[in-house]
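To start, the structure itself, in structure tokens.
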Amino acid sequence: MKRVRPISLLKTVGVLLAKDLLIEWRTRARLNALVFFALATLLLFSFAVGPDSKVLARNAGGYLWLALLFASVLALGESFRVEQENLTLDGLRLAPADARAIFLSKAMGNALLLIALGALLIPVMVALYGVQVSMGVGAFFTTLVLGCMAISAPGTVYSAIASNARARDVLLPLLLFPLIIPALLAAAKATSLVLQGDPMNQLGSWFGLLFGFNLIYWGLGFVLFPRVIED
Amino acid sequence: MTAATLLLLAVGTYLGLVWTPEDREMGHVYRIIYVHVPAMWMAMLALVLNFGLCVAYLFKSSWKTDALAEASGEVGLLFGSYGLVLGAIWGKPTWGTYWDWDPRLTAMAIMLVTYVAYMALRRFVEDPEKRAVWSSVVGIISFVNLPIVWFSVKWWRSLHQVQSTPKTVDPDMVLSLRVNAWASLMILTLFLLHRYRVALATREAEVALPEALPTDAPAPRNDRASEVA
Chain A
3 MKRVRPISLL KTVGVLLAKD LLIEWRTRAR LNALVFFALA TLLLFSFAVG PDSKVLARNA
63 GGYLWLALLF ASVLALGESF RVEQENLTLD GLRLAPADAR AIFLSKAMGN ALLLIALGAL
123 LIPVMVALYG VQVSMGVGAF FTTLVLGCMA ISAPGTVYSA IASNARARDV LLPLLLFPLI
183 IPALLAAAKA TSLVLQGDPM NQLGSWFGLL FGFNLIYWGL GFVLFPRVIE D
Chain B
342 MTAATLLLLA VGTYLGLVWT PEDREMGHVY RIIYVHVPAM WMAMLALVLN FGLCVAYLFK
402 SSWKTDALAE ASGEVGLLFG SYGLVLGAIW GKPTWGTYWD WDPRLTAMAI MLVTYVAYMA
462 LRRFVEDPEK RAVWSSVVGI ISFVNLPIVW FSVKWWRSLH QVQSTPKTVD PDMVLSLRVN
522 AWASLMILTL FLLHRYRVAL ATREAEVALP EALPTDAPAP RNDRASEVA
């Protein structure tokens, strides 16, 4: 009998990612709920703070990232619930697929979902809060990508853990929120600078912080994830 | 050992409160240094130990490693919170406020919350083996914050002064600081050992009698049981 050759890591990631995105596309009801949840959060901020458009415009970066963070908890929680309903995680483990590929594909899938969500929220934010993107769309997009990746790497590891534990809906935010604070701070500051202009040239250092955060947590997730899902 | 610890603590308290002269600028208020600084050192020590044990567990599984990791996480959290509260009490007369969003304070508070989550995870997972693996992973991820806390006073020169060590304080204060630090180290060791024994006993009970532990599963109803039978 011929030995099963392990499929290369990147190819596995591609296949798994395509599978996750397909599931996401076919269960659009969940996606829609997520979008409206994030929109409602943005709307709620303007009610909680009051209709002072100056305050809203000044804090728009922070509100955007809080809305994304709250939505991410729902999205991350779902991403492993799908795998458990039909015991597909066991199937994936039995297949000659590297567990690290599961981490990469899940984390990339979650990041893509959040980036898409963020892109949808921007026009709403512009309309609701009266902000303008003064630094250009490219800088905004870089912030969005780096910030969403920073949420999704530790979020994927923790959601794999929390989805098996008791009180999983409490556990995931409890684990994730304190950890994510540096990334949230950097992303919110960078977004504010992108929206309001950057006279002191600080944007680069916030990007650096986000990049470093991503490097650490994608690396840790890549190394530690196989131990999380082993049985 | 308990007696020796109490004795050393008494000596340290005497030295700190009576023997050492008061500070030229802060007066008696500065004396909190003899408990606040050792408490933070011990918190750092316990959390470094926790990190080492988490890594060790992933390489070689053992109930002892896991039990000591649980003990060090909890004791580190305890000392860290104690140090933070002491610092806040000191902050009111010196800085004029209990809390300031200074990088050192903020980073420390964030780190403590991550370890609260670490301890919560240990309560929420019933399978002892899974709990050990997952909490090791979470412990390693949480540890990333500790170097940030440690170097925060050097990176961002802000309200919180640079760490006090026997090298930076006045020579008159060195002895008191050292004695109190050793006393804290002995308290830390006592707490660790005691908590470790409790954790190990819990593991043994869990492994020996898995069905005796409370679960979330609803108890079988009598009528349904008769139906099945």
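Top line first, the protein sequences correspond to chains A and B. Just so we're aligned, residue 3 is where the first sequence starts under the numbering used here, counting upward by one. Just so we're aligned, residue 342 is where the second sequence starts under the numbering used here, counting upward by one. Beta carbons are placed, not taken as given, at the ideal position from N, Cα and C, and that holds for glycine.
Would residue i pass as an interface residue toward chain A - the criterion being a Cβ-Cβ separation below 8 Å?
| i | result |
| --- | --- |
| Leu356/B | no |
| Thr455/B | yes |
| Leu394/B | no |
| Phe465/B | yes |
| Trp475/B | yes |
| Leu462/B | yes |
| Leu388/B | no |
| Val569/B | Bear in mind that the predicted position of Val569/B carries a pLDDT of just 44, short of 50, making it unreliable; the figure below should be weighed with that in mind. Not one chain A Cβ lies under 8 Å of Val569/B. |
| Asp564/B | Confidence at Asp564/B is low in this model, with a pLDDT of 47, below 50, so its placement is unreliable and the value that follows should be read with caution. No, its Cβ sits nowhere closer than 8 Å to a Cβ of chain A. |
8 Å is my cut-off, CB to CB: does residue i come that close to chain B?
| i | result |
| --- | --- |
| Pro228/A | no |
| Pro180/A | yes |
| Leu94/A | no |
| Leu293/A | Residue 293/A lies beyond the stretch modelled for chain A, which goes from 3 to 233, so this question has no answer here. |
| Gly214/A | no |
| Leu71/A | no |
| Leu115/A | no |
Since residue i and residue j should fall inside the 8 Å C-beta cutoff, what is the C-beta to C-beta distance between them, to a whole number of angstroms?
| i | j | result |
| --- | --- | --- |
| Leu516/B | Ile374/B | Contact doesn't hold; Cβ gap of about 13 Å is too wide. |
| Phe392/B | Ile481/B | 7 Å |
| Leu418/B | Leu394/B | Actually they do not touch by this definition, with Cβ atoms about 15 Å apart. |
| Met527/B | Ala345/B | 7 Å |
| Asn216/A | Ala152/A | 5 Å |
| Val376/B | Asn521/B | 7 Å |
| Leu116/A | Ser81/A | Not confirmed; about 11 Å, so no contact. |
| Thr406/B | Ala397/B | 5 Å |
| Ala461/B | Tyr423/B | Incorrect: roughly 19 Å between the Cβ atoms, too far for contact. |
| Thr29/A | Ala99/A | With 8 Å as the limit, Thr29/A and Ala99/A do not qualify as a contact, their Cβ atoms being about 22 Å apart. |
Please report the straight-line C-alpha distance between residue i and residue j, rounded to a whole angstrom.
| i | j | result |
| --- | --- | --- |
| Leu534/B | Leu356/B | 27 Å |
| Tyr459/B | Leu174/A | 11 Å |
| Thr43/A | Leu36/A | 11 Å |
| Val548/B | Val474/B | 16 Å |
| Ala101/A | Val479/B | 18 Å |
| Ala167/A | Val466/B | 5 Å |
| Gly223/A | Pro362/B | 52 Å |
| Val359/B | Met449/B | 31 Å |
| Arg472/B | Asp92/A | 19 Å |
| Val17/A | Ala103/A | 10 Å |
| Met137/A | Met202/A | 13 Å |
| Leu177/A | Asp468/B | 19 Å |
| Thr158/A | Phe179/A | 13 Å |
| Phe49/A | Met452/B | 32 Å |
| Leu23/A | Leu186/A | 26 Å |
| Gly64/A | Val196/A | 12 Å |
| Leu211/A | Ala188/A | 7 Å |
| Trp436/B | Ala77/A | 43 Å |
| Leu89/A | Met383/B | 45 Å |
| Tyr131/A | Trp67/A | 14 Å |
| Ile25/A | Ile183/A | 30 Å |
| Leu348/B | Ser402/B | 38 Å |
| Thr447/B | Ser10/A | 43 Å |
| Thr354/B | Tyr456/B | 30 Å |
| Val128/A | Val51/A | 17 Å |
| Lys4/A | Leu94/A | Reliability of the predicted coordinates at Lys4/A is poor, the pLDDT of 49 falling under 50, and the value obtained from them is presented with this limitation in mind. Roughly 21 Å separates the two Cα atoms. |
Taking Cβ-Cβ distances shorter than 7 Å, what residues in chain B pair up with residue i?
| i | result |
| --- | --- |
| Ile218/A | Val485 |
| Leu177/A | Ala458, Leu462 and Val479 |
Which residues of chain B have a Cβ atom closer than 8 Å to the Cβ of residue i, listed in chain order?
| i | result |
| --- | --- |
| Ile183/A | Ile451 |
So residue i contacts chain B; which residues on that side make the cut at Cβ distance below 9 Å?
| i | result |
| --- | --- |
| Leu222/A | Val478, Ile481, Ile482 and Val485 |
Cβ closer than 9 Å: which chain A residues qualify as neighbours of residue i?
| i | result |
| --- | --- |
| Leu399/B | Leu226 and Arg229 |
Between the region 120-151 of chain A and chain B, which residues of the former have a C-beta closer than 9 Å to a C-beta of the latter? none
Which residues, in chain order, does the region 156-169 of chain A contribute to contact with chain D at a C-beta distance below 8 Å? Within the model displayed, chain D is absent; protein chains A and B are what it includes.
Listed in chain order, which residues of the region 86-111 of chain A have Cβ atoms closer than 8 Å to some Cβ of chain B? none
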